[in-house]
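> Take this structure first; my questions come after.
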Amino acid sequence: MAHASSKRMLPSPDVALALSHSAKIAKIEPGLAQSPPAYPPNDFSSHVKKRLAVSSRTGQACDRCKVRKIRCDPRPEGCSPCTQNRTPCKTTDRITGRATTRGQVEALESENSHLRSQVAELQAQLKEMGVAPRATPGYNGASQSSAAWPPPATAASEWGDAPNRRASTNASTSPAAGYTPASSTLENSRPLPRYKHHEFGDNYLGVSSADSLLSNISGTSLSVFGHDIDITDFVDDKDYDNSYMSYTYVMRVALSHTQPDPVPLPPYQTLKEYCIWWFRSMRPYIMLLDKPTMMQLIWRIENEPGFKPSPSETVCVHMVIASLNYQISVRNHQAEMMEESHRHYGYALSFFKHLWLSHTWRDVEALTLIVHHLRNFPKPGAAWIMACTTFQLAMELGYHRSSKAWANNGHMDPIEVETRKRTFWTLHGLTTHMSGKLGRPMPIHMDDIDVEFPEPSDDCLPGEEVGLDDFHKCSFQVGIQVAKFTVPLSQLYRSLYSINANPSAYEETLQRLEAGAKQWKEDLPPQLRDPATASQEDYIFAVYLDYWYHEYHLQMYHPAMCRSDDPNINGASLEKCLIACQKLLRCTTEMRKLRSLDNIWINIVTYIAAIFTTLFGHHQKRDTLSSADMDTLRSDMDEWIELISESGQLLDHRTLVRQYQRKHCKKNSKPISSSSRAAYAARATCGIYPIHERQPSTFVFKCRQHGGSCYHGGFPSTPGLY
């Protein structure tokens, strides 16, 4: 029995041979050549592939679908849930533990094939030249160091191109000592939003956070708790691309591929009224155009026989009309005025080539007016390209340099000197804010600027200075303070939002940025420092300055940008960010009451960032929230929703245009003359209630007028610099 039992436990000869063969294979060291097996192995892969072909299930769900427990599909470019949420579709290998993006292996194979064929072609060229290609060492995959290659998460498959072609991130291969190529620092960042090739100039290219719960402002998009919102997704691309507001239209008109029809100017009295309201509502913030010079220009256009304005003068006049009509139309849903605004803007844009070739300070001022108008449109591409182009022209003409640096500074016109200052700082503010929001480099380093800030000056027309103190005789006092604010704002984007920001210097950077903003706040004139103490004339200006100050703190202390490992610092930063969000809500509520909201994409994305940050902050503190805290949160969210709803209505330009087209397609419609609409709108805009066509034009809100810097109770004062 014992013999029989021991005999049953002995393995069969085939099993013994298999065990012996497997044991020998296990002893072979990596990298050594193995002899071919004695018999061909079974093709197990084809069997598995056949089973997968007849199955409707995904072989392995991606990480996001697995965590969220939702259905995943086997789309090669990424599963449907990840594609809809604009997140990379990654799957963690169960054996290696490495996460790879779906389609990455295929992209690597394609690139490898391309590179191999390219090497073969280069070797053939060497042979044709009589040079024998040098023999390359044999490839040994087991001995390759994975550290020499970027991690899979850094592959550029999200761009729709081949993967990242940087073969090494060794610092010694950097072109300069201060340059830091993409390396393991990207492991602390979430992927950029999917690059949209058809959206010219709209893509975000800046720093991003690895925190998947909350993202910083990424151009026109944000993310909270895994859900992405892009405000440009609500724009009909087909209608937009064919509209006056598109990037394509700007390029076609500027490059003379399309020539808009000339647009006649309204009568002198109407045009004068336009200019007066423009100087009272927009000019205080942007500082463009000298008031006495502009009023003299429109008088000459009407009353001087044979006078022909220059291209820059023509652009300035038409852009004043376009800007004012635009602001009135979006607030009062007047489709005719929107269409008229587009016609004046398009005609002014057709002079782009003349302005670019003329190269005078008046031409740069006219181009800056166009940039200021383009910022109103729902997508940033057109404003971005025009701002960059104009800023480069300004630097070519030395706008960033002080007039004292020129040898012939004594011969420069004082108006030219001050206009150069005002134009540069206005253009710097526009370009800096757009660059920061879109994740682009700052237009210029502050160390390369020595031009002074604009000086306050009396720009009152005859009779306007009566009863005004020295401060209110200058209509652009708030614009000077905004110009000074662009200095700490530029430092914020250049340091905290830099792609290669140093995490070890995070606390020091916060202290420096906080000190800069605090100094700016303390240096504000008493009339503009605090909305609570501001007069009626200065109130809206003080509110906007306060709004920008709190927006600065929202971006500085944003949880997604926190790089500290200290929980106390993180908690304090989150608390400061929540306070900034609360104060932003108070500021926007005041603007909404006064019908002075500046609803452009830059501000709307800030509103959404404040909403998401508030929700995220309360989620982090959910264990300590009281019932009173929840009531406050509900109240704040209700106010934010009302604000967003109103902003959406003000941005619904397509509805206005369609209403205009339908109305004027009817045979029985009676068109309203341009001059009548313009005169009515310019008078009625100061009404404290919304303007409607049925509203009698005699209803005008009576308010005190203080020259160019007055504040009208219901007038839509639009800053326009940011």
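Position 174 (the sequence shown) corresponds to 158 in my numbering; numbering is contiguous.
Just so it is clear, CB atoms sit at the ideal spot from N, CA and C, and this is done for glycine as well.
May I ask you to list the residues that DSSP assigns as paired with Lys74?
Taking the sequence shown and counting its residues from 1, the one referred to as residue 74 is at position 90. According to DSSP, Lys74 bridges with Thr85.
> Give me, in chain order, the residues of the same chain whose beta-carbon lies closer than 8 angstroms to that of Asp225; leave out the 5 immediate sequence neighbours on both sides.
Position 241 of the sequence shown, counted from the start, is the residue given in the question as residue 225. The residues are Thr232.
> Tell me which residue opens and which closes the alpha helix (DSSP H) that His357 is part of.
The residue you call residue 357 lines up with position 373 of the sequence shown. First-last of the alpha helix (DSSP H) with His357: 345 to 358.
> Looking at Cys571: is its Cβ nearer than 8 angstroms to the Cβ of Asp620?
Your numbering for residue 571 matches position 587 in the sequence shown. Your numbering for residue 620 matches position 636 in the sequence shown. No, the pair does not count as a contact, with Cβ atoms beyond the cut-off.
> Going straight from the alpha carbon of Leu411 to that of Ile428, what length do you get?
Translated into the one-based positions of the sequence shown, residue 411 becomes position 427. Translated into the one-based positions of the sequence shown, residue 428 becomes position 444. Distance between the alpha carbons of Leu411 and Ile428: 12 angstroms.
> At a cut of 8 angstroms, does the segment 291 to 304 reach the segment 332 to 351 through at least three beta carbon pairs?
Yes: the two stretches touch, three or more of their Cβ pairs being nearer than 8 angstroms.
> I need the DSSP call for Asp582, collapsed to helix, strand or coil.
On the sequence shown, residue 582 is found 598 positions in, with the first residue counted as 1. Coil at Asp582, not helix or strand.
> Determine the DSSP secondary structure at Leu206, reduced to helix, strand or coil.
Counting from 1 along the sequence shown, the entry for residue 206 is found at position 222. Leu206 falls in the strand class under three-state DSSP.
> Any heavy atom of the ligand FMN inside 7 angstroms of the beta-carbon of Tyr228?
The ligand FMN is not among the ligands present in this structure, which contains no ligands whatsoever.
> Quick check on the DSSP output: the alpha helix (DSSP H) that includes Asp530 runs from which residue to which?
Stepping through the sequence shown from its first residue, residue 530 is reached at position 546. Note, Asp530: alpha helix (DSSP H), 523 to 540.
> Using DSSP with H/G/I as helix, E/B as strand and the rest coil, what is Thr169?
Here residue 169 refers to the residue found at position 185 when the sequence shown is read from its first residue. Confidence in Thr169 is poor, its pLDDT being 47 and thus under 50, which makes the residue's placement unreliable; the coordinate value appears in the next sentence. If DSSP states are grouped into helix, strand and coil, Thr169 belongs with the helices.
> Please report the distance separating the alpha-carbon of Ser281 from that of Gln243.
Counting from one through the sequence shown, the residue named residue 281 turns up at place 297. Counting from one through the sequence shown, the residue named residue 243 turns up at place 259. Position check: residue 281 holds Leu in this sequence, whereas Ser was assumed. C-alpha separation (whole angstroms): 25 angstroms.
> So, for Ile54: in the same chain, excluding its five sequence neighbours on each side, which residues have a beta-carbon less than 7 angstroms away from its beta-carbon?
Indexing the sequence shown from 1 puts residue 54 at position 70. Closer than 7 angstroms at Cβ, skipping near neighbours: Pro65.
> Using the Cα positions of Tyr310 and Leu206, report the straight-line distance between them to the nearest angstrom.
Position 326 of the sequence shown, counted from the first residue, corresponds to residue 310. Position 222 of the sequence shown, counted from the first residue, corresponds to residue 206. So the two alpha carbons sit approximately 28 angstroms from each other.
> First and last residue of the alpha helix (DSSP H) that includes His417?
Here residue 417 corresponds to residue number 433 of the sequence shown, with the count starting at 1. Unbroken alpha helix (DSSP H) run through His417: 398 to 422.
> Whose CA, out of Gly601, Cys565, Gly413, lies closest to the CA of Phe437?
For this step, residue 437 is matched to residue 453 along the sequence shown. Ranking the options by Cα distance to Phe437, first place goes to Gly413.
> Distance check for Ala91 and Cys46, CA to CA, integer angstroms please.
Residue numbering aside, residue 46 sits at position 62 when the sequence shown is read from its first letter. Residue numbering aside, residue 91 sits at position 107 when the sequence shown is read from its first letter. Roughly 18 angstroms separates the two Cα atoms.
> Please name the residue in Leu480, Arg547, Pro248, Thr590 whose C-alpha comes closest to that of Gln566.
Stepping through the sequence shown from its first residue, residue 566 is reached at position 582. If we check each option's Cα against that of Gln566, Thr590 comes out closest.
> Pick out the complete alpha helix (DSSP H) segments inside the segment 201 to 270, 4 residues or longer, and give them in chain order.
Entirely contained in the segment 201 to 270, the alpha helix (DSSP H) runs reaching 4 residues are, in chain order, 221 to 225, 231 to 238, 252 to 265, 267 to 270.
> In the DSSP assignment, find the unbroken alpha helix (DSSP H) run with Pro551 in it and report its ends.
To locate residue 551, count along the sequence shown from 1; it is residue 567. Unbroken alpha helix (DSSP H) run through Pro551: 551 to 577.
> Evaluate Asn583 with the Cβ neighbour count: other Cβ atoms within 10 Å of its Cβ, from every protein chain shown; 16 or more gives buried, anything less gives exposed.
Start at 1 with the first residue of the sequence shown, and residue 583 comes out as number 599. Result: buried.
> Quick check on the burial criterion: 16 or more other C-beta atoms within 10 angstroms. Buried or exposed for Val51?
Along the sequence shown, one-based indexing puts residue 51 at 67. Exposed, because fewer than 16 other Cβ atoms sit within 10 Å of the Cβ of Val51.
> Under a Cβ-count criterion, where at least 16 other Cβ atoms within 10 Å of its own Cβ denotes burial, should Met426 be classed as buried or exposed?
The sequence position of residue 426 within the sequence shown is 442, counting from 1. The residue in question, Met426, is buried, as its Cβ has 16 or more Cβ neighbours within 10 Å.
> So, using beta-carbon positions, are Ser230 and Ala104 closer together than 8 angstroms?
As a first step, residue 230 is located in the sequence shown; it is residue number 246 there, counting from the start. As a first step, residue 104 is located in the sequence shown; it is residue number 120 there, counting from the start. It is not a contact, given that the beta carbons lie outside the stated cut-off.
> Our contact map puts Ile628 next to Ile213 with C-beta atoms below 8 angstroms; I'd like the distance itself, whole angstroms only.
As a first step, residue 628 is located in the sequence shown; it is residue number 644 there, counting from the start. As a first step, residue 213 is located in the sequence shown; it is residue number 229 there, counting from the start. Ile628 to Ile213, Cβ: 11 angstroms. No contact.
> Taking just the CA atoms, how far does Pro276 sit from Asp443?
Here residue 443 refers to the residue found at position 459 when the sequence shown is read from its first residue. Here residue 276 refers to the residue found at position 292 when the sequence shown is read from its first residue. So the alpha carbons of these two residues sit roughly 7 angstroms apart.
> Check Leu198 in the structure and name its three-state DSSP category.
Walking along the sequence shown from the start, residue 198 turns up at place 214. Strand, per DSSP.
> Kindly confirm or deny that the segment 544 to 552 and the segment 317 to 328 touch, where touching means at least three C-beta pairs closer than 8 angstroms.
Taking 8 angstroms as the limit for Cβ pairs, the verdict is that the segment 317 to 328 does not touch the segment 544 to 552.
> Between the beta-carbon of His534 and the beta-carbon of Leu568, is there less than 8 angstroms?
If you number the sequence shown from 1, residue 534 lands on position 550. If you number the sequence shown from 1, residue 568 lands on position 584. It is a contact, given that the beta carbons lie within the stated cut-off.
> Just the C-alpha distance for Asn200 and Glu506, rounded to the nearest angstrom, thanks.
Position 216 of the sequence shown, counted from the first residue, corresponds to residue 200. Position 522 of the sequence shown, counted from the first residue, corresponds to residue 506. Each residue's alpha carbon lies about 28 angstroms from the other.
> Quick one: measure Cβ to Cβ for Tyr707 and Tyr228, integer angstroms, because I've assumed they're closer than 8 angstroms.
Since the first and last residues shown for the chain are -15 and 706, residue 707 lies out of range.
> Express the C-alpha separation of Met575 and Val471 in angstroms, rounding to a whole number.
As a first step, residue 471 is located in the sequence shown; it is residue number 487 there, counting from the start. As a first step, residue 575 is located in the sequence shown; it is residue number 591 there, counting from the start. Rounded to whole angstroms, Val471 to Met575 spans 25 angstroms at the Cα level.
> So what does DSSP say about Ser334, is it helix, strand or coil?
Start at 1 with the first residue of the sequence shown, and residue 334 comes out as number 350. Three-state result, Ser334: coil.
> Rounded to whole angstroms, what's the CA-CA distance from Ala151 to Glu95? Just pull it up for me.
Residue 151 sits at position 167 when you count from the first residue of the sequence shown. Residue 95 sits at position 111 when you count from the first residue of the sequence shown. With a pLDDT of 36 at Ala151, under the threshold of 50, the modelled position of this residue cannot be trusted, and the question is left open.
> Leaving out five residues on either side along the sequence, give the residues of the same chain with a beta carbon under 8 angstroms from the beta carbon of Ala485.
Position 501 of the sequence shown, counted from the start, is the residue given in the question as residue 485. So the list reads Val191, Ser479, Thr493, Arg547, once near-sequence residues are dropped.
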